[in-house]
Amino acid sequence: MAKDPKTEKTARDTHYATLRRQVRDAKRERGEIPTPGPQKPRKSNADWTPPKLAPEQVLLYGLHTVRAALDNPERKLIKLSATQNALVRLEISSVENLGIPFETVTPQDLDKILGPEAIHQGVMLETRPLPVRRLEALKDSPLILVLDQVTDPHNVGAIMRSAVAFNAGAVITTQRHSPTESGVLAKSASGALELIPYIQVTNLSDALGELHKLGFFSVGLDSEGPAPMEKALSGERIALVLGSEGKGLRQKTRETVSALARLDMPGAIKSLNVSNAAAIALYASRQHLAAKG
1 MAKDPKTEKT ARDTHYATLR RQVRDAKRER GEIPTPGPQK PRKSNADWTP PKLAPEQVLL
61 YGLHTVRAAL DNPERKLIKL SATQNALVRL EISSVENLGI PFETVTPQDL DKILGPEAIH
121 QGVMLETRPL PVRRLEALKD SPLILVLDQV TDPHNVGAIM RSAVAFNAGA VITTQRHSPT
181 ESGVLAKSAS GALELIPYIQ VTNLSDALGE LHKLGFFSVG LDSEGPAPME KALSGERIAL
241 VLGSEGKGLR QKTRETVSAL ARLDMPGAIK SLNVSNAAAI ALYASRQHLA AKG
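Under UniProt numbering, read the sequence shown as residues 1 to 293, first letter to last.
Okay, here's the thing in structure tokens:
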């Protein structure tokens, strides 16, 4: 019996479309391409409202995020919910060995909890927040990041990825006007939240003062900084300070840092997204520290 060319073509197209989606998913997990922006809510979820979470309840989602949380001994796990396909991709052979309750769900079940914009990849993990970290724990770290009211959790998550890549000791931010630990932050960090302390302080100026006592030389990034960053770096312990997406560093922060510096860019665009600026500054700082031996 002759094959129907239309049917054969449709099957082949579907197969290649699936492969393309898998390649894109893998690249997003590795941070090689950005996660797509929010999509319009599906009609069935148009009236979705976020669930009311308890103060000590965090919902993590996404394959890489959940895998990293499962591997983190400091993360207190409560319950895992996943599709059968996601369970395979998480490389979990036996849910009994996890030692926590497990529920088999459909993607639609997770949509109802996490909302239509969450790229959950068929898995959700209920946990407790990570333990609170203090500045005193940074005594052995030569490089840290300080964020002055960077509010977008996607930016903070991307900064965390860069911080881990350059082996920074912590990401420090303010308790107000900064994202708390959440599924959105963790998904944007793609596992980095489990690998670097996320320290939130009440008063940033006081925290910078404590860092100076610990031997850190703090450099505030400012597009109008008096010196290029390469010349502003000093000492063997660096605290990079970055301001909010729109306003930059606050005046009090500018007055408190050891030095203000700019990233010199020869092109027509003179400013970068805060997460991109953080990556460049981390690289320059690592070069400086390596030269110091």
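Where a beta carbon is used, it is the ideal one built from N, C-alpha and C, also for glycine.
Select from the options the residue whose C-alpha is nearest the C-alpha of residue i.
i, options, result
"VAL146", "LYS79, LEU110, ALA163, THR83", "ALA163"
"PHE217", "SER223, LEU208, SER182, GLY225", "LEU208"
"PRO107", "GLN84, GLU230, ARG161, TRP48", "GLN84"
"ALA232", "SER205, PRO55, ALA261, VAL156", "ALA261"
"LEU240", "ARG286, TRP48, ALA17, ASP111", "ARG286"
"LYS79", "VAL123, LYS112, ASP111, ALA118", "VAL123"
"GLU210", "GLU136, ASP111, TYR16, LYS52", "GLU136"
"ALA26", "ARG237, GLN251, GLN121", "GLN121"
"GLY293", "ILE269, ARG237, GLU255", "ARG237"
"ALA290", "VAL257, SER234, ARG250, ILE269", "SER234"
"ARG67", "VAL201, LEU193, THR256", "LEU193"
"THR180", "TYR198, GLY191, TRP48", "TYR198"
Leaving out five residues on either side along the sequence, give the residues of the same chain with a beta carbon under 7 Å from the beta carbon of residue i.
i, result
"LEU138", "ILE144, GLY169, ALA170, LEU214"
"VAL23", "none"
"GLU74", "LEU130, PRO131"
"LYS226", "A small fix is needed here, since residue 226 is Pro in this sequence, not Lys. LEU260."
"LEU19", "none"
"ALA277", "LEU221, LEU242, LEU263"
"ALA158", "SER188, SER275"
"GLU126", "GLN57, LEU59, ILE78, LYS79"
"GLU230", "ALA284"
How far does the beta strand (DSSP E) with residue i in it extend, from its first residue to its last?
i, result
"LYS79", "77–82"
"ALA277", "Here ALA277 belongs to no beta strand (DSSP E); instead the alpha helix (DSSP H) covers 274–291."
"ARG262", "259–262"
"LEU90", "Premise fails: LEU90 is in no beta strand (DSSP E) and is neither H nor E."
"ILE199", "198–201"
"GLY267", "Run containing GLY267: none; DSSP gives neither H nor E here."
"PHE216", "No beta strand (DSSP E) holds PHE216; DSSP gives it neither H nor E."
Which same chain residues end up closer than 8 Å to residue i when comparing Cβ atoms and leaving out the 5 residues on each side of it in sequence?
i, result
"LEU272", "LEU263, MET265, ILE280"
"THR253", "ASP148, LEU204, SER205, LEU208, GLY220, VAL241, GLY243"
"VAL95", "LEU80, LEU87, PHE102"
"ILE196", "MET160, ALA163, VAL164, ALA168, GLY169, ALA170, VAL171"
With respect to the alpha helix (DSSP H) encompassing residue i, which residues constitute its N-terminal and C-terminal limits?
i, result
"GLY209", "204–213"
"GLN251", "251–256"
"LEU233", "It is not in any alpha helix (DSSP H) - LEU233 carries neither H nor E in the DSSP assignment."
"LEU70", "63–71"
Between residue i and the rest of its own chain, which residues show a CB-CB distance below 6 Å, the 5 nearest in sequence each way excluded?
i, result
"ARG42", "Confidence in ARG42 is poor, its pLDDT being 48 and thus under 50, which makes the residue's placement too unreliable to answer from."
"PHE166", "LEU282, ARG286"
"ARG128", "GLU56, LYS76"
"SER141", "GLY169"
*Are the stretch 237–249 and the stretch 146–158 touching, with three or more C-beta to C-beta distances below 8 Å?*
yes
*Which whole runs of the alpha helix (DSSP H) in the stretch 93–137 are 4 residues long or more, in chain order?*
107–114
_Under 8 Å, with one C-beta from each stretch per pair, do the stretch 60–71 and the stretch 181–188 reach the 3-pair mark?_
yes
*Count the C-beta pairs between the stretch 88–101 and the stretch 63–77 that are closer than 8 Å, then say yes if the count reaches three, no if not.*
yes
*Residue ranges of each beta strand (DSSP E) run of no fewer than 3 residues wholly in the stretch 140–192, ordered along the chain?*
143–148, 171–174
*Can at least three beta-carbon pairs, one atom from the stretch 94–102 and one from the stretch 170–180, be found at a separation below 8 Å?*
no
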